[in-house]
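In our numbering, the protein residues as written are 288 to 690.
Glycine residues also receive a C-beta, built at the ideal position from the N, C-alpha and C atoms.
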DNA sequence: TCTGGGGTCCTAGGACCC
DNA sequence: TCTGGGGTCCTAGGACCC
């Protein structure tokens with residue numbers, strides 16, 4: 288039997304590279320990959336974090352997800368460019384589409400990375416490494432950005448490999464290489480060993496991936512539970528179970544928004560919830576899905592988060608019904624505190640087949656669904672939601688507005 | 001002029017059942 | 001006065017990823 292061969296392909300500084308390519312195409316005189324630059328959200332609307340950085344910015348110690356405020360302190364000449372999500376999606380799609388010509392077994396892990404299962408390709412082993420170099424060059428030629436390609440026999444090792452030296456590199460990380468190439472890395476560079484797990488591991492003297500690999504699995508499991516057992520296995524290159532977000536059916540849908548200013552008015556919050564229900568339930572209906580569980584989450588001015596959810600007996604995707612529950616959940620959970628960020632989430636999703644219609648309401652429900660479908664169609668055609676439920680326009684009556 | 005948004009999975013504790 | 005044990009479902013919160 289042939290061994291598994293997995294490629295992990297990762298775009299170098301994806302958002303920044305993609306914006307760089309776009310700017311060059313538009314005639315911009317600089318390649319922003321070669322200057323201290325970042326892609327960052329708008330500070331004014333409190334979206335001020337670093338989404339991607341150039342290698343030069345990295346040299347200043349700027350990290351992804353830190354505040355733009357602090358990035359500016361590290362480098363006062365930093366150039367900041369806004370993210371362009373629609374453009375990124377477009378370029379990601381054509382990139383993935385291009386890669387899929389090499390294998391049908393391609394698994395997109397996020398907007399800028401994927402696994403390619405090359406096990407059943409007709410290429411010979413040595414040719415596969417050559418092929419990786421070829422793909423890397425072709426991508427650069429065709430799209431104008433560079434990638435890293437990691438090659439191994441499992442997803443975890445392929446992912447660890449593509450993360451090694453950047454940019455524009457191909458790395459292998461086969462089992463016999465992990466001791467030399469991976470065990471000397473600090474523990475927080477192991478995939479899925481984040482801040483919390485790494486800190487706990489450090490506390491018992493585990494500083495490198497090798498330290499973890501040489502420890503007792505049972506000790507790690509006691510410390511970190513199931514997650515610990517998984518990390519231990521990862522340190523030995525065992526496991527093939529990174530799950531793909533894009534291929535499988537969605538397990539939950541959510542949306543959330545950070546406000547320009549904290550909101551304390553109940554009516555405003557409720558209006559925002561209605562808007563979120565309108566949008567998110569549309570995705571539900573578009574995918575022909577129904578949700579059992581509906582929830583709201585809050586982040587207040589102190590950055591504390593809390594949430595409340597409700598599971599229904601009969602799943603739904605009706606804007607009317609979801610709105611009704613959302614209001615109840617809101618009333619039962621909002622602590623009257625100033626809210627910085629609020630969002631809703633649908634989970635426990637199901638498709639129509641497994642759904643049980645309650646017998647008595649079946650007729651009415653089907654009619655409502657038909658109506659909703661028609662409304663979605665019209666709204667799709669004319670852009671914005673020109674037809675909406677009446678309750679989206681009228682402010683709910685609130686008598687107790689004093690506390 | 002601090003700190004996004006969209007996901008997945010796990011855990012601890014409570015309710016409820018037999 | 002006593003108060004098992006196994007299972008399922010649900011909730012809230014948190015860790016982790018890009």
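Per DSSP, the beta-bridge partners of residue 540 are 633. Put simply, the backbone Cα of residue 589 is about 48 Å away from that of residue 422. Selection 664, 456, 568, 636 evaluated against residue 538 yields 636 as nearest (Cα-Cα). With respect to the C-alpha of residue 462, the residue from 443, 324, 504, 319 having the closest C-alpha is 443. Here the alpha carbon of residue 612 sits roughly 14 Å from the alpha carbon of residue 634.
Here residue 473 carries a strand assignment [DSSP, helix/strand/coil]. Between residue 499 and residue 491 a beta carbon distance of about 10 Å is seen, past the 8 Å cut, so the two are scored as non-contacting.
By the CB criterion at 9 Å, residue 368 and residue 311 fall outside the cutoff.
For residue 617, the enclosing alpha helix (DSSP H) starts and ends at 606-620. Non-local beta-carbon contacts of residue 330 in its own chain, meaning distances under 6 Å to residues more than five positions away in sequence, involve 355 in chain order. Nearest Cα to residue 319 within the set 432, 427, 373, 379: 432.
Here residue 441 has 291, 293, 524, 525, 526, 527 as same chain residues with Cβ atoms under 8 Å from its own Cβ, once five neighbours each way along the sequence are excluded. When secondary structure is reduced to three states using DSSP, residue 403 falls in the strand class. By alpha-carbon distance to residue 587, the top candidate from 626, 550, 375 is 626. Straight-line measurement puts the Cα of residue 385 at about 11 Å from the Cα of residue 391. Residue 514 carries a helical assignment under DSSP once its states are collapsed to helix, strand and coil.
Spanning the alpha carbons of residue 555 and residue 619 requires a straight line of approximately 17 Å.
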